[in-house]
Amino acid sequence: SANRLAGFGTSIFSEISALAARYQAINLGQGFPDFAGPAFLKDAACSAINADLNQYAPSTGLPTLRAAIARTWERHSKVSVDPDAEITVTSGATEAMFATIMALINPGDEVLIFEPFYDSYPPNVLMAGGIPRYIRLHEPRWEVDFAQVRAAITPQTKAIILNTPHNPTGKVWSRTELSQLAAIAIEHDLLVISDEVYDRLVFEDYQHCSIATLPDMWERTVTISSTGKTFSVTGWKIGYAIAPNSLTEAIRRVHQFVTFASATPLQAAAVVGLNAGEPYERQLLQFYNARREQLVKVLRDAGLYVLPPQGTYFVMADIRDLGWDNDAEFCRYLISEIGVAAIPPSAFYHDGYQSGMVRFCFAKKPETIAAAAEKLKQLG
Ligand code: PMP
Ligand code: GLN
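Right, dumping it as structure tokens:
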């Protein structure tokens, strides 16, 4: 294999899902719903296929989808965006992130990544020839030490990758934190690549804020999101990047030669999903609020210390009270002996740091979480 692959191995999600299947464990590991996507959305996809929307879409995305993304962005952020010049539809947020990094990072450029990170960021930076620089969020509340951010910056620093709401911790970056990060980006002339795939999954009184909407940030920010989480169809892989035209042009130049275009009928269906708007989003949040409460209680009853997540559909649970400190060993035991799968977050640290926690996903049917509860009783 090529030398550029030397810095990374197999994704933890494939590894844990394979192990979960082998032991027929209840899979609260990899983040995906185990329930059906909304019927109106599935109908829209079938209608699009039957209407013969089955050939290549325009490389930048169906105009109707870019318009729907723009309307959604404007409704939430109160800032307007030009769907023709500033939005690119991609095959999931994963491709949006890859295309963005390939488009904007030169060999030797340094990219700041907060740990724990979503697992595709470091390989993306490495494939571009960039150098990841890591900054740890500090548990238990996953706080940012901005002095550490400043200390990590060198003349080679080109960009910061941000993820809010944050996978795996559930942290929702506050407006104050984002303003502090924005000040650093402006001072050092850095790009910000902001992964906001969980933008609709924010609980209690926490608020999602897009850093692109802060003063003087639009010109230096790429915002990435996806329909996979919001519409419970992670297999559709319809994502997008929102960025000023100069950055969008670069992203589109990569995108046309990576995938060229994303699945046409699913783009057409995504329009119908986005047009369902606020009533749909409210319903989704209501469902996830209940699942979040359910899983937090289940984990606490099993003797795990848990701080409820502010956003996303993940919960971090502390395994140290149960006498464990190695998360990967604990997860192997949990899958093979207890019958429940979770993700070891050491996979999300460049140095395998042990946070003493494991990640559970609550994008699951109530009965799946209840079945996991039964199994987890063996833990105590
Ligand atoms: N970023 C984060 C933080 C994620 O959790 C995920 C999905 N699990 C992705 C990106 C990838 O999104 P997509 O499936 O749309 O490629
Ligand atoms: N984003 C999902 C998670 O965090 C997994 C996506 C994937 O398998 N690549 O669990």
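All the letters of the sequence shown, read from the start, carry residue numbers 5 to 384 under UniProt numbering. In this text, a Cβ means the ideal position worked out from N, Cα and C, and glycines have one as well.
Tyr202 sits in coil when the DSSP states are folded into three classes, being neither helix nor strand.
Partner residues in the beta bridge of Ala163, as assigned by DSSP, are Val115, Leu195. Burial is judged here by how many other beta carbons sit within 10 angstroms of a residue's own beta carbon; Arg304 has fewer than 16 and is exposed. The alpha-carbon of Val201 is positioned some 21 Å away from that of Glu297. In the three-state reduction of the DSSP assignment, Asp322 falls in the strand class. For Asn171, the CB falls within less than 7 Å of some heavy atom of the ligand GLN.
Sixteen is the threshold: when 16 or more other Cβ atoms of the shown chains lie within 10 Å of the Cβ of Ser95, as they do, the residue is buried.
For Met131, the enclosing alpha helix (DSSP H) starts and ends at 125 to 131.
In terms of Cβ geometry, Leu182 and Leu205 do not form a close pair [threshold 8 Å]. In the three-state DSSP reduction, His142 falls in the strand class (E or B). Per DSSP, the unbroken alpha helix (DSSP H) holding Phe17 starts and ends at 16 to 26.
Judged by DSSP secondary structure, Cys365 falls outside any alpha helix (DSSP H) and instead within the beta strand (DSSP E) spanning 361 to 365. Out of Pro172, Met101, His142, Val129, the CA that lies nearest to the CA of Leu9 is found in Val129. At a cut-off of 7 Å, the beta-carbon of Tyr353 does not count as near the ligand PMP: no heavy atom of the ligand is closer than that. In terms of CA proximity to Trp77, Ser230 leads the group Ser230, Gln271, Ile255, Ala254.
Taken from the Cβ of Asp199, at least one heavy atom of the ligand PMP lies inside 7 Å. Phe17 has its Cβ nearer than 7 Å to a heavy atom of the ligand GLN.
Tyr244: member of the beta strand (DSSP E) spanning 243 to 246, first to last residue. Secondary structure at Ala274: helix, using DSSP grouped into helix, strand and coil. If the five residues before and after Gln382 are omitted, its C-beta is found closer than 6 Å to the C-beta atoms of Ile342, all from its own chain and listed in chain order. DSSP places Asn58 outside both helix and strand once states are collapsed to three, so it counts as coil. Nearest neighbour of Glu282 by Cα position, chosen from Ala29, Arg75, Ser21, turns out to be Arg75.
Comparing C-alpha distances from Thr372 to each of Asp322, Arg336, Arg295 shows the shortest one belongs to Arg295. Residue range 231 to 234 is occupied by the alpha helix (DSSP H) that includes Thr231. Excluding the 5 residues flanking it on each side, Phe366 has same chain C-beta neighbours closer than 6 Å at Arg295, Arg296, Leu299, Tyr317, in chain order.
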